[in-house]
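Some notes on the structure that comes next.
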Amino acid sequence: MSATRFERMLVTGARCIADGEVLFVGFHWPMLMARIARRLHAPNIVIVYENGIVEDRLTPTFPTSPCDLVAAEGATVCAGSLDALYMWLGSGRVQMTVLEAPIVDRYGNVNTTAVGPYSKPKVRLPGSGGGTELSSLGRNLTLVNASSSKRSYPERVDYVTSPGYLGGAEERARLGYKPGTGPRTLVNPLGLCKFDERGEMYLAALHPDIAPEEAKASFGWPIRIEGGYEVLPAPAADELKVVREELAHAKERYYLLPEA
Amino acid sequence: MSTGAKPILSMKEAVRRFAPDGQELIIGGFAFSDPTALAHELIRQQRKGLFIMKTSGGVLVDQLVGAGCVTRVLSCHVWNSVGPVPAHCFRRALEQGKPHAIEIEELSYGAFTTALAAGACNLPFMPTTPVQGAGHFTQRTFLPEKFAVVENPFGGGPVCVVPPLKPALGFFHVHRADEYGNAQLFGPAGEMRFAMAACKKLVVIAEELVDTEIIRQHPEATVAPGFMVDAVVVEPWAAHPTDSYGYYYRDLAHHALYGELSRTEEGFRRYIDEWVLATGDHAGFVTKLGEKRLAELKVRHRRYW
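If you're matching them up, the sequences are chains V and B in order.
Heads up, the first sequence is in our numbering, so the first residue is 1468 and it goes up one at a time.
Heads up, the second sequence is in our numbering, so the first residue is 3 and it goes up one at a time.
See below:
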């Protein structure tokens, strides 16, 4: 069976992770991508979580969230949130940051708080957790959105939970965010997006069976696509094997998986 | 705040004494060490009008909201992290005003941590994550002064700051405590040390009561010195269904059970009737979980302490 779009997204995200780096990984699919990367090409990554756990090898059990303390089994450090968010992330010691972005706009602003008016939301979502810190402070920020529905890519989010470039890169810089922070990449089931110097998202790479017009129709604004956009290589057999093993493991751990 | 032996209270008595209607309280835990047994007792005693502060809301806050105990929540997120699935009661309260409307104020986890650190150290304010332009910065409900921006006095542009947060009361799950209130927590600590020290009154909920000589074997694990603690509750499995490092794992099946039942108001009431009210107290809740489940959840590997 060929890879589903979701499986290809996981492979693409895992490939973005370079061996030997220090990673700050947010909950959900970013955790799974880092786990897949560790099993494939990046065994020497060091993962830090917001609660202060440092994980430098594969945990026997896939945690349901960073606070599922099977994540702490065999940890080299169990510290706290001030350590994780400021001593490690804010200080610039973390080289890559991976954050789930289920609703994300033109400038990479992420909403995990409320759809509709804040005081009378149509859909109330969980809120920030440490997501705001990941996007405010993290270097080489990679966003992950498992949806390719237009609802997940409005031109402007109703609530900025995790700031991207706000109204543009100039605004982010003026407000006092550090240089080198802000989203660089977005991984989704269609391919990869990047952000230009003004902080605007554009389509940079697509999976082979996805036409540019189809990809563009998933976004709530006229998204730019590079003339010579990259076509992503299909997952290799060993990549797909690891992805499927980990998805089976995730299911045993009560993860709700997208339908194929 | 005092030295000497502290009252060792049952959960019922601690709630009766420390948490009347309308109480402002911070509850410890960050999706692990969430003292759900406290929430259940607040529900049994039908508390109303509570102002709950909790960094990670989870099933605990969801149950308090669903049971109508809460009018204000300060949090950085509220959800059921297994699945994940929504915190259904929290959603119903904010989307439909059921069972009644609540007020919500939000901080990011870093802002919450730094506000508690400022409170713990009695600092006038503390620099925090830049959040200018983000929703938590502009959207303010009952804490209009939750953020400010100052010019760095040493040069270098604007700095986002938070005021000190000093909760009137804190209830925190810990692993073990002695009769003087010296409280130990092993494993990751999240923001807990700051949060405990920020409280004006502090009650710890310990998995076990131990002799001070045991505490002395690992003084590095003491998260609250006895002189900061006002009372001790001893309640095994108090953090179920979340995890207690070195004691028991997260109960995924119970998270899923609650997530499924709480999808409807009727299902939620059924959960509360069956698991909270009918069990009478936390010992009854633990008995209902059953020996088999408890054995599965118990951490079997050797602890380092």
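We put the CB at the ideal spot given by N, CA and C, even for glycine.
Does any C-beta atom of chain V lie closer than 8 Å to the C-beta of Gly-85 of chain B? Position 83 of the second sequence, counted from the first residue, corresponds to residue 85 of chain B. For Gly-85 of chain B, the answer is yes, since a Cβ of chain V falls inside 8 Å of its Cβ.
Closer than 9 Å, Cβ to Cβ, to anything on chain B: give me those residues from the segment 1603-1633 of chain V, in chain order. Under the 9 Å Cβ criterion, the segment 1603-1633 of chain V contributes Ser-1603, Leu-1604, Val-1624, Asp-1625, Tyr-1626, Val-1627, Thr-1628, Ser-1629, Pro-1630, Leu-1633.
Item to complete: Could you tell me whether the segment 1518-1536 of chain V touches the segment 1567-1581 of chain V, where touching means 3 or more Cβ pairs closer than 8 Å?
Response: No: fewer than three Cβ pairs fall under 8 Å.
Just mark Gly-172 of chain B as buried or exposed, buried being the case when its beta carbon has 16 or more other beta carbons within 10 Å.
-> Your numbering for residue 172 of chain B matches position 170 in the second sequence. Burial is judged here by how many other beta carbons sit within 10 angstroms of a residue's own beta carbon; Gly-172 of chain B has at least 16 and is buried.
### Task
Report, in whole angstroms, the separation of the C-beta atoms of Gly-1597 of chain V and Ser-77 of chain B, which I expect to be a contact under 8 Å.
Start at 1 with the first residue of the first sequence, and residue 1597 of chain V comes out as number 130. Start at 1 with the first residue of the second sequence, and residue 77 of chain B comes out as number 75. Not quite, the Cβ-Cβ distance comes to about 13 Å (not below 8 Å), so this is no contact.
Checklist line | Own chain partners of Val-1544 of chain V with C-beta closer than 6 Å, once the 5 adjacent residues on each side are dropped | finding: Walking along the first sequence from the start, residue 1544 of chain V turns up at place 77. The answer, listed in chain order, is Val-1521.
Spatial neighbours of Val-1627 of chain V within its chain, please: CB distance less than 8 Å, with the 5 preceding and 5 following residues excluded, ordered by chain position.
By 1-based counting over the first sequence, the position of residue 1627 of chain V is 160. For Val-1627 of chain V, same chain residues with a beta-carbon under 8 Å away, outside a window of 5 residues either side, are Asn-1576, Val-1577, Asn-1578, Leu-1633 in chain order.
Assuming contact is defined by CB atoms lying nearer than 8 Å, are Leu-1670 of chain V and Leu-1608 of chain V in contact in what I supplied? By one-based count along the first sequence, residue 1670 of chain V stands at place 203. By one-based count along the first sequence, residue 1608 of chain V stands at place 141. The Cβ atoms of Leu-1670 of chain V and Leu-1608 of chain V do not sit closer than 8 Å to each other.
* Expected contact under 8 Å - CB spacing of Ile-1484 of chain V and Met-1563 of chain V to nearest Å -> Counting from one through the first sequence, the residue named residue 1484 of chain V turns up at place 17. Counting from one through the first sequence, the residue named residue 1563 of chain V turns up at place 96. Confirmed, about 7 Å.
ask   = Which residue comes first and which comes last in the beta strand (DSSP E) that contains Glu-108 of chain B?
value = Along the second sequence, one-based indexing puts residue 108 of chain B at 106. Per DSSP, Glu-108 of chain B is one residue of the beta strand (DSSP E) stretching across 105-108.
Straight-line Cα distance separating Lys-1718 of chain V from Val-84 of chain B
Stepping through the second sequence from its first residue, residue 84 of chain B is reached at position 82. Stepping through the first sequence from its first residue, residue 1718 of chain V is reached at position 251. About 11 Å.
>> Taking 8 Å as the cut-off, does the segment 234-248 of chain B touch the segment 199-212 of chain B (at least 3 CB pairs, one atom from each stretch)?
In response: Contact between the segment 199-212 of chain B and the segment 234-248 of chain B is present, because at least three Cβ pairs lie under 8 Å.
**Request:** Note down, in chain order, each residue of its chain lying with its Cβ closer than 7 Å to the Cβ of Met-1476 of chain V, except the 5 sequence neighbours on either side.
**Result:** On the first sequence, position 9 is the one that residue 1476 of chain V refers to. Here Met-1476 of chain V has Ala-1613, Val-1654, Asn-1655, Pro-1656 as same chain residues with Cβ atoms under 7 Å from its own Cβ, once five neighbours each way along the sequence are excluded.
Q: Please state whether DSSP places Phe-139 of chain B in a helix, a strand or coil.
A: In the second sequence, the residue the question calls residue 139 of chain B occupies position 137. Look at Phe-139 of chain B here: in three-state DSSP terms it is helix.
Original post:
Just reading off the beta strand (DSSP E) that Ala-150 of chain B is part of, what are its end residues?
Top reply: Within the second sequence, numbered from 1, the residue matching residue 150 of chain B stands at position 148. Boundaries of the beta strand (DSSP E) harbouring Ala-150 of chain B: 150-153, taken from the DSSP string.
Of all the CB atoms in chain C, is at least one closer than 8 Å to the CB of Ile-1690 of chain V?
The question asks about chain C, but that chain is absent: this structure's protein chains are V and B.
*Determine whether the Cβ of His-138 of chain B lies closer than 8 Å to any Cβ atom of chain V.*
The count along the second sequence starts at 1 and reaches residue 138 of chain B at position 136. By this cut-off, His-138 of chain B is an interface position.
(message) Within 8 Å, do at least three Cβ pairs link the segment 1598-1607 of chain V to the segment 122-138 of chain B?
(response) Result yes; three or more Cβ-Cβ pairs closer than 8 Å.
query = Leaving out the 5 sequence neighbours to the left and right, which residues in its chain are closer than 7 Å to Arg-1506 of chain V when beta-carbon positions are compared?
reply = Residue 1506 of chain V sits at position 39 when you count from the first residue of the first sequence. Only Leu-1525, Val-1709 meet the Cβ criterion.
Report task. Spell out the partners DSSP gives Thr-1648 of chain V in its beta bridges. Result -> Residue mapping note: residue 1648 of chain V aligns to position 181 of the first sequence, counting from 1. V:Arg-1606.
- According to DSSP, is Gln-186 of chain B helix, strand or coil? Translated into the one-based positions of the second sequence, residue 186 of chain B becomes position 184. It is a strand residue.
Open item on the list: If you measure between the beta carbons of Lys-168 of chain B and Lys-203 of chain B, is that distance less than 8 Å?
Closed with: Your numbering for residue 168 of chain B matches position 166 in the second sequence. Your numbering for residue 203 of chain B matches position 201 in the second sequence. One thing to note: Lys-168 of chain B has its Cβ no nearer than 8 Å to the Cβ of Lys-203 of chain B.
Is there a Cβ from chain B that is less than 8 Å from the Cβ of Thr-1580 of chain V?
Indexing the first sequence from 1 puts residue 1580 of chain V at position 113. By the rule that beta-carbons nearer than 8 Å mark a contact, Thr-1580 of chain V touches chain B.
task: Can you say whether Ala-191 of chain B is buried or exposed, counting buried as having 16 or more other CB atoms within 10 angstroms of its CB?
output: On the second sequence, position 189 is the one that residue 191 of chain B refers to. Burial call: buried.
Handout entry: Where Leu-1723 of chain V falls, given that 16 or more other Cβ within 10 Å makes a residue buried
Key = Working through the first sequence from its first residue, we reach residue 1723 of chain V at position 256. That one is exposed.
| query | Sorted by chain position, which residues of the same chain lie with C-beta nearer than 8 Å to Ala-39 of chain B's C-beta, five sequence neighbours on each side aside? | reply | Your numbering for residue 39 of chain B matches position 37 in the second sequence. Only residues of its own chain outside the window of five on either side were considered, and among them Met-13, Ile-207, Glu-237, Trp-239, Ala-240, Ala-241, His-242, His-284, Phe-287 have a CB closer than 8 Å to the CB of Ala-39 of chain B, listed in chain order.
request  = Say yes only if the C-beta of Leu-66 of chain B is nearer than 7 Å to one or more non-hydrogen atoms of the ligand COA, and no if none qualify.
outcome  = Questions concerning the ligand COA fall outside what the structure shown contains, since it holds no ligand whatsoever.
Exercise. Using the C-alpha atoms, what's the distance from Gly-158 of chain B back to Gly-1643 of chain V?
Worked result: Residue 1643 of chain V sits at position 176 when you count from the first residue of the first sequence. Residue 158 of chain B sits at position 156 when you count from the first residue of the second sequence. Approximately 9 Å, taken between the alpha carbons.
Exercise. With C-beta atoms as the reference, is Phe-1686 of chain V less than 8 Å away from Lys-1589 of chain V?
Worked result: Residue numbering aside, residue 1686 of chain V sits at position 219 when the first sequence is read from its first letter. Residue numbering aside, residue 1589 of chain V sits at position 122 when the first sequence is read from its first letter. For the 8 Å CB-CB criterion, Phe-1686 of chain V and Lys-1589 of chain V do not form a contact.
### Query
Is Pro-1497 of chain V helix, strand or coil when you go by DSSP?
By 1-based counting over the first sequence, the position of residue 1497 of chain V is 30. DSSP places Pro-1497 of chain V in helix when its eight states are reduced to three.
Fill in: Contiguous alpha helix (DSSP H) assignments of at least 4 residues, all confined to the segment 1617-1679 of chain V
For the segment 1617-1679 of chain V, whole alpha helix (DSSP H) runs of length 4 or above, ordered along the chain, are 1636-1641.
My output table needs one value for Lys-1708 of chain V: the three-state DSSP class, helix, strand or coil. The residue you call residue 1708 of chain V lines up with position 241 of the first sequence. Looking at Lys-1708 of chain V - three-state DSSP - the assignment turns out to be helix.
| request: Run through the segment 29-77 of chain B for me and flag every whole beta strand (DSSP E) of 3 or more residues, listed as ranges in chain order. | output: For the beta strand (DSSP E) assignment, the uninterrupted runs of no fewer than 3 residues enclosed by the segment 29-77 of chain B are, from N- to C-terminal side, 52-58.
Residue burial classification, Asn-184 of chain B (beta-carbon count within 10 angstroms, cutoff 16):
In the second sequence, counting from the first residue as 1, residue 184 of chain B sits at position 182. Result: buried.
_I'd like the list of long-range same chain contacts for Ala-1546 of chain V, defined as Cβ closer than 6 Å, with 5 residues on each side in sequence excluded._
Taking the first residue of the first sequence as 1, we reach residue 1546 of chain V at position 79. Hits under 6 Å: Gly-1519.
| What residues from the segment 110-128 of chain B come within 7 Å of chain V, judged by C-beta to C-beta, listed N to C? | Among the residues of the segment 110-128 of chain B, those with a Cβ less than 7 Å away from any Cβ of chain V are Ser-110, Tyr-111, Gly-112, Thr-115, Ala-119, in the order of the chain.
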